[in-house]
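Undergrad:
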Amino acid sequence: TPGKGEDGLPDSSFSDSSLFAHWGQELSPDNRRVALKTFQYYGYNAYLSDRLSLSRPIPDLRPDGCRNITYPLNLPQVSIVFIFVNEALSVILRSIHSAINRTPSHLLKEIILVDDNSNNDELKEKLQDFVSETNSQRPGFIKIVRHTRQEGLIRSRVSGWRVATAPVVALFDAHVEFNVG
């Protein structure tokens, strides 16, 4: 296959393409290979994602007119549903952390994770460990729905919606970060 070495990893012609001209130059050769391999698997820079804080600051990109809006405190609670299949664990955890950290706690009733039949083992054991740890402090706060076959985006959303118990349900891909406001 053009652009692949014998081991199936990007060869130098791939890694020196314009897409990677400056990306990862500061990495050791071994780390660069890992970064390129995870890029091929996920389609984004999971190597960098794994090294970013799960609770990182992000710029407030709201238009000026939106920054001064105040909302009533007595809004209905929300169930946040994240849909994923074979997403990098760090990306999912960052989505969860940003939802928790940037949603008023009295409004966030629960987070529901819908795994549309991922085959990535990290999304089974390590994600379950995180959910168990979180739920030890807030019982039932995070729920996982695991499909035994891929159902697709719409059926996955419906699966999450069915489990939700809040009067408002918000559906998201699992590769988002919530902002302030």
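Numbering-wise, my numbering puts 125 at position 137 of the sequence shown, and it's gapless, one number per residue.
Quick reminder that beta carbons are idealized off the backbone N, C-alpha and C, glycines included.
(1) Around the Cβ of Glu113, are there at least 16 other Cβ atoms within 10 angstroms (buried) or fewer (exposed)?
(2) If you draw a straight line from the alpha carbon of Leu159 to that of Asp18, how long is it in whole angstroms?
(3) Under 8 Å, with one C-beta from each stretch per pair, do the segment 132 to 149 and the segment 45 to 64 reach the 3-pair mark?
(4) Give me, in chain order, the residues of the same chain whose beta-carbon lies closer than 8 Å to that of Asp161; leave out the 5 immediate sequence neighbours on both sides.
(5) Considering Cα atoms alone, identify which of Asn123, His163, Lys25 and Ser78 is closest to Glu98.
(6) Following the continuous alpha helix (DSSP H) through Ser124, name the residue where it begins and the one where it ends.
(7) Between the alpha carbons of Gly(-7) and His163, how many angstroms are there, rounded?
(8) On the CB-based measure, 16 or more other CB atoms within 10 Å of its CB, does Ser93 come out buried or exposed?
(9) Could you tell me which of Cys54, Leu95, Ile130 and Ile88 sits nearest to Leu61, measuring between CA atoms?
(10) If I'm right that Ala87 touches Ser37 with Cβ under 8 Å, what's the distance once you round it to whole angstroms?
(11) Helix, strand or coil, according to DSSP, for Arg137 in the structure here?
(12) Taking the alpha carbon of Pro127 as the point to measure from, which residue in Arg134, Phe166 and Phe118 has its own alpha carbon closest?
(13) In this structure, what does DSSP give as the bridge partners for Ala158?
(14) Under 7 Å, do Ser67 and Ala152 count as touching if we go by C-beta distance?
(15) Can you tell me which of the three DSSP states Glu110 falls into?
(16) Which same chain residues, not among the five before or five after Gly169, have their C-beta less than 8 Å away from its C-beta?
TA: Put simply:
(1) Residue mapping note: residue 113 aligns to position 125 of the sequence shown, counting from 1. Result: exposed.
(2) For this step, residue 159 is matched to residue 171 along the sequence shown. For this step, residue 18 is matched to residue 30 along the sequence shown. Inter-residue distance for Leu159 and Asp18 is about 38 Å (C-alpha atoms, whole angstroms).
(3) Output reads no: the segment 45 to 64 does not touch the segment 132 to 149.
(4) Translated into the one-based positions of the sequence shown, residue 161 becomes position 173. Closer than 8 Å at the Cβ level, and outside the excluded window around Asp161, lie Phe70, Ile71 and Phe72.
(5) Sequence index remark: in the sequence shown, residue 98 carries index 110 (1-based). Nearest C-alpha to Glu98: Asn123.
(6) The residue given as residue 124 occupies position 136 in the sequence shown. Per DSSP, Ser124 belongs to the alpha helix (DSSP H) from Glu113 to Gln125.
(7) By one-based count along the sequence shown, residue -7 stands at place 5. By one-based count along the sequence shown, residue 163 stands at place 175. At Gly(-7), the pLDDT of 48 sits below 50, so the modelled position is not reliable and the matter cannot be decided from this model.
(8) Here the question's residue 93 lines up with position 105 in the sequence shown. With a 10 Å radius around the Cβ and a threshold of 16 neighbouring Cβ atoms, Ser93 comes out exposed.
(9) Taking the first residue of the sequence shown as position 1, residue 61 is located at position 73. Comparing Cα positions, the closest option is Leu95.
(10) Position 99 of the sequence shown, counting from 1, holds the residue named residue 87. Position 49 of the sequence shown, counting from 1, holds the residue named residue 37. At roughly 17 Å, the Cβ-Cβ gap does not stay under 8 Å, so Ala87 and Ser37 are not in contact.
(11) As a first step, residue 137 is located in the sequence shown; it is residue number 149 there, counting from the start. Of the three classes helix, strand and coil, the one that applies to Arg137 here is coil, per DSSP.
(12) Within the sequence shown, the letter at position 139 stands for residue 127. When only C-alpha atoms are compared, the closest one is Phe118.
(13) Position 170 of the sequence shown, counted from the first residue, corresponds to residue 158. Paired residues: Ile68.
(14) Within the sequence shown, residue 67 is the residue found at index 79, counting from 1. Within the sequence shown, residue 152 is the residue found at index 164, counting from 1. Yes, Cβ-Cβ distance for Ser67 and Ala152 is below 7 Å.
(15) For the purposes of this step, residue 110 is identified with residue 122 of the sequence shown, where counting begins at 1. Under the three-state reduction of DSSP output, Glu110 falls in the helix class.
(16) The sequence position of residue 169 within the sequence shown is 181, counting from 1. Cβ neighbours of Gly169 beyond the five flanking positions: Asp48, Arg50, Cys54, Arg55 and Ile57.
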